[in-house]
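Colleague:
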Amino acid sequence: MGFFKKIGTAVKKNVNLKNVLKIATPLMSMIPVAGGLLQNITQGAVDAHAAKKAQKEYDSQVAQQQQNQIAQQTAQALAQATTQTLGDALVQGTFDGMSNSAKLTTAKYGATVADMTISQWFKEHWLAVSLGVTAFFGAIWMLTKSHSSGARRRR
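The following block contains the structure:
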């Protein structure tokens with residue numbers, strides 16, 4: 003009894019419509035008259051099923067990629083908002099907790115850094131600034147000279 007039970011189990015595991023069609027499709031051509039037609043119909047059904055299965059797999063992969071992208075964008079937005087909120091709260095809390103003298107000292111250091119930055123920029127770009135200012139005043143002088151000489155001629 004166990005022998006037939008094992009055969010039945012093996013048949014259940016290995017025999018399904020897909021496997022039967024794989025084996026039967028080439029054999030259908032041997033049937034006289036309608037064998038070729040049956041083979042074509044069966045092969046078309048098998049191919050359509052395979053194409054449908056491949057399309058489902060592709061659609062599943064695309065949907066998974068879209069879900070991953072949405073999840074990544076959501077996580078990035080959440081992290082950015084959290085970081086910004088915590089950073090603002092930290093700075094505001096620190097500034098509120100400082101005494102007036104500490105705030106004044108911080109402001110003085112900030113002003114010194116800004117002053118040094120501006121001074122350094124002018125040291126590096128003095129030639130361009132002086133040429134620009136000279137050109138500006140030269141253009142104004144030329145415009146006023148041309149307008150004033152034109153006004154004298156009309157009188």
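Per the numbering used here, the sequence shown starts with residue 3, numbered consecutively.
Even glycine gets a Cβ: it sits at the ideal position worked out from N, Cα and C.
Can you tell me whether DSSP reads histidine 127 as helix, strand or coil?
Modeller: For the purposes of this step, residue 127 is identified with residue 125 of the sequence shown, where counting begins at 1. Three-state DSSP puts histidine 127 in coil, outside helix and strand.
Colleague: Can you tell me which of the three DSSP states methionine 100 falls into?
Modeller: Counting from 1 along the sequence shown, the entry for residue 100 is found at position 98. Of the three classes helix, strand and coil, the one that applies to methionine 100 here is coil, per DSSP.
Colleague: Nearest-angstrom Cα distance between glutamine 57 and glutamine 78?
Modeller: Locating residue 57 in the sequence shown gives position 55, where the first residue counts as 1. Locating residue 78 in the sequence shown gives position 76, where the first residue counts as 1. Whole-angstrom Cα-Cα distance: 31 Å.
Colleague: Can you give the Cα-Cα distance for leucine 92 and glutamate 126, rounded to whole angstroms?
Modeller: Position 90 of the sequence shown, counting from 1, holds the residue named residue 92. Position 124 of the sequence shown, counting from 1, holds the residue named residue 126. Using only the alpha carbons, I get a separation of about 36 Å.
Colleague: What residues in its chain sit with their C-beta under 8 Å from that of lysine 105, if we drop five residues either side in the sequence?
Modeller: For this step, residue 105 is matched to residue 103 along the sequence shown. Closer than 8 Å at the Cβ level, and outside the excluded window around lysine 105, lie Phe97.
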